[in-house]
Amino acid sequence: MFDISDLFNANAYQFWFLLVGIIAVALGAVYRPFSSYFKFIYPNAKYQTIGNPFLNKKELDKMSDCKNLKSFLENLNYFKDYHIKGENARDIQFSLDENLLETVEMMRKDSSKSIHSFFDTYLEKYDMQTVRDEIKKTLDRMLEGETFEEEEEPKIIFERNRRLIAQLREAENMENLEKILLEYGFDEKMVKEVTFAEKVDFLAVDLMIDKYIIDCFNKIKLPYKCDKPMEAYLKTFVDISNIKNMLRAKHLGYNVDRCKKMFLDGGREVAKWLFEEIAEVDQVPQVISSLEGTTYFKWLRDAIEDYNREDSVQPLENALERCFLKQVKDVSVKYYLTLGPLLQFLVNKEYEIRNLKIIAKGVEENIDPQTIRKYLLVLEDKGV
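Numbering (the working numbering), first residue to last: 5 to 388.
Dropping the structure here:
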């Protein structure tokens, strides 16, 4: 017969069962958070060792000053993580894209299977850049009444997206295009904005793709302690997407009602009420003033003179992307034991590749290095 006093009697076997049970529970409680950390020790150390040299002003200046593509490749391939080939800028850009995909594959192999869904989603984001371009070309062709001309197959990762592009190229009218986009899974309201326009609305396409990418990231299932850095990354991505889209809309003269429909949910600092307030203003400088009190205000304010001089939102978008790099760096520091350094390395790598593709094109066309540098992103540290 069980006697509860045996639980406290060191000579009774019940006491030892209880003690072992308590120890197992305590070890489980301690091990669970650290089990996630162990998975990231090696890959995070590796990423920090590799680094991202082509977000550094010194290295970017050196690359921008190259007199020809041969010199560009020699300087670039000096870095052991780059083995870029090509006789012209187009081939070099293709090789740079291959380097990015190889980096993602390396990171997947180094990482736990529990975060492979993140890499799949990141590659989906890569594919969506090409899908975005194909949708715009399809719309342009239809609205201009032109027939499709055979083109080279674009670089696509997933077979599903390859089939989508084939369907886009075969689409004959807007009704057909609408059906294709809806069947793929794009947001219904946004599809109608894209296909009902009287002229190609590139911004409507951008919004539709942004919404799709955000939804994909929201569906990722990550292991314990990895959800916070992913959430911080995604909320900043949404904020910056919302601000970029509003800046473009105001620059293009979109009306208030159209602007209010552009809101993407899920940001950190740009809530719906603030977005709708900004939609009421008329000019780009007023958009920036409305963001005072947010992280993004100082970055945009410092770029307003370039906007006024060039009459282009590109300097403002570059400022937002520099801000994004800084925010991702902060995520890396805060969550350095889990997903933070991985996120920073991969985002930085993507912008490195973009910088190098811009430089390659500029060098081929003999563009002045100072002009090339205006389009490059340098990792800056601001007290914001």
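Quick reminder that beta carbons are idealized off the backbone N, C-alpha and C, glycines included.
Given the structure is predicted, the values throughout are model-derived calculations rather than measurements.
Could you tell me the distance, in whole angstroms, from the CA atom of residue i to the CA atom of residue j?
{"i": "isoleucine 244", "j": "threonine 199", "result": "25 Å"}
{"i": "valine 108", "j": "aspartate 137", "result": "22 Å"}
{"i": "asparagine 48", "j": "methionine 266", "result": "37 Å"}
{"i": "glutamate 155", "j": "glycine 90", "result": "20 Å"}
{"i": "glutamate 309", "j": "leucine 251", "result": "15 Å"}
{"i": "threonine 125", "j": "asparagine 222", "result": "10 Å"}
{"i": "tyrosine 86", "j": "methionine 234", "result": "28 Å"}
{"i": "alanine 275", "j": "leucine 77", "result": "45 Å"}
{"i": "lysine 71", "j": "valine 285", "result": "46 Å"}
{"i": "serine 68", "j": "tyrosine 228", "result": "43 Å"}
{"i": "valine 382", "j": "leucine 64", "result": "8 Å"}
{"i": "leucine 172", "j": "phenylalanine 206", "result": "16 Å"}
{"i": "isoleucine 217", "j": "lysine 193", "result": "16 Å"}
{"i": "leucine 341", "j": "methionine 178", "result": "49 Å"}
{"i": "lysine 43", "j": "cysteine 230", "result": "11 Å"}
{"i": "methionine 110", "j": "asparagine 79", "result": "23 Å"}
{"i": "aspartate 306", "j": "arginine 326", "result": "12 Å"}
{"i": "aspartate 101", "j": "glutamine 290", "result": "38 Å"}
{"i": "lysine 215", "j": "serine 121", "result": "18 Å"}
{"i": "asparagine 81", "j": "serine 75", "result": "10 Å"}
{"i": "glutamate 280", "j": "tyrosine 258", "result": "14 Å"}
{"i": "lysine 183", "j": "glycine 55", "result": "44 Å"}
{"i": "glutamate 368", "j": "lysine 232", "result": "43 Å"}
In terms of residues, what are the limits of the alpha helix (DSSP H) holding residue i?
{"i": "alanine 275", "result": "Neither: alanine 275 is in no alpha helix (DSSP H) and is coded neither H nor E."}
{"i": "serine 68", "result": "61 to 68"}
{"i": "histidine 120", "result": "120 to 147"}
{"i": "methionine 194", "result": "192 to 199"}
{"i": "glycine 366", "result": "344 to 368"}
{"i": "alanine 170", "result": "163 to 174"}
{"i": "histidine 255", "result": "231 to 256"}
{"i": "valine 260", "result": "260 to 264"}
{"i": "aspartate 219", "result": "206 to 222"}
{"i": "leucine 268", "result": "Element bounds for leucine 268: n/a, residue is neither H nor E."}
{"i": "serine 75", "result": "73 to 80"}
{"i": "proline 319", "result": "318 to 338"}
{"i": "alanine 49", "result": "45 to 54"}
{"i": "valine 285", "result": "Here valine 285 belongs to no alpha helix (DSSP H), and DSSP marks it neither H nor E."}
{"i": "glutamate 155", "result": "It is not in any alpha helix (DSSP H) - glutamate 155 carries neither H nor E in the DSSP assignment."}
{"i": "valine 108", "result": "93 to 114"}
{"i": "phenylalanine 58", "result": "Element bounds for phenylalanine 58: n/a, residue is neither H nor E."}
{"i": "isoleucine 308", "result": "308 to 314"}
{"i": "isoleucine 88", "result": "Per DSSP, isoleucine 88 belongs to no alpha helix (DSSP H) and is neither H nor E."}
Comparing C-alpha positions only, which one of the options sits nearest to residue i?
{"i": "valine 204", "options": "Ile160, Gln171, Leu143", "result": "Leu143"}
{"i": "asparagine 103", "options": "Ile357, Met212, Thr375, Cys327", "result": "Ile357"}
{"i": "phenylalanine 301", "options": "Val260, Val317, Glu354, Ile247", "result": "Ile247"}
{"i": "lysine 254", "options": "Lys232, Arg94, Tyr311", "result": "Tyr311"}
{"i": "valine 260", "options": "Ala283, Leu360, Pro373", "result": "Ala283"}
{"i": "aspartate 210", "options": "Lys232, Lys89, Ile160, Lys129", "result": "Lys129"}
{"i": "asparagine 352", "options": "Leu59, Ile45, Lys276, Val195", "result": "Leu59"}
{"i": "arginine 377", "options": "Tyr46, Lys62, Lys50, Tyr51", "result": "Lys62"}
{"i": "phenylalanine 404", "options": "Tyr86, Ile224, Gly189", "result": "This structure does not reach residue 404, given that the chain is present from 5 up to 388, and the question cannot be answered."}
{"i": "phenylalanine 241", "options": "Gly271, Cys263, Ile169", "result": "Gly271"}
{"i": "isoleucine 119", "options": "Ala364, Leu347, Lys239", "result": "Leu347"}
{"i": "phenylalanine 98", "options": "Phe162, Val285, Ala364, Met146", "result": "Ala364"}
{"i": "asparagine 249", "options": "Leu238, Val288, Thr53", "result": "Val288"}
{"i": "leucine 185", "options": "Leu343, Lys159, Met212, Arg305", "result": "Met212"}
{"i": "isoleucine 161", "options": "Ala208, Asn370, Thr134, Lys140", "result": "Thr134"}
{"i": "isoleucine 169", "options": "Lys141, Cys263, Gly149", "result": "Lys141"}
{"i": "proline 158", "options": "Glu179, Ala175, Asp131, Ile96", "result": "Asp131"}
{"i": "leucine 329", "options": "Leu350, Leu341, Leu360", "result": "Leu350"}
{"i": "threonine 298", "options": "Lys113, Lys361, Leu324, Asp214", "result": "Leu324"}
{"i": "glutamate 106", "options": "Asn92, Leu127, Lys117", "result": "Leu127"}
{"i": "valine 317", "options": "Glu296, Tyr379, Cys263, Lys113", "result": "Tyr379"}
{"i": "isoleucine 139", "options": "Phe190, Glu321, Ile362, Lys239", "result": "Phe190"}
Counting C-beta neighbours from all protein chains within 10 Å, is the total for residue i 16 or more, i.e. buried, or is it exposed?
{"i": "leucine 256", "result": "exposed"}
{"i": "arginine 167", "result": "exposed"}
{"i": "aspartate 315", "result": "exposed"}
{"i": "valine 337", "result": "exposed"}
{"i": "aspartate 269", "result": "exposed"}
{"i": "aspartate 303", "result": "Strictly speaking, residue 303 in this sequence is tryptophan, with aspartate absent from that position. The residue in question, tryptophan 303, is buried, as its Cβ has 16 or more Cβ neighbours within 10 Å."}
{"i": "threonine 53", "result": "exposed"}
{"i": "glutamate 197", "result": "buried"}
{"i": "glycine 366", "result": "buried"}
{"i": "glycine 344", "result": "buried"}
{"i": "isoleucine 45", "result": "exposed"}
{"i": "leucine 147", "result": "exposed"}
{"i": "arginine 94", "result": "exposed"}
{"i": "serine 115", "result": "buried"}
{"i": "aspartate 444", "result": "Only positions 5 to 388 of the chain appear in the structure, and residue 444 is not among them; the question remains open."}
{"i": "asparagine 370", "result": "exposed"}
{"i": "glutamine 331", "result": "buried"}
{"i": "lysine 333", "result": "buried"}
{"i": "asparagine 92", "result": "exposed"}
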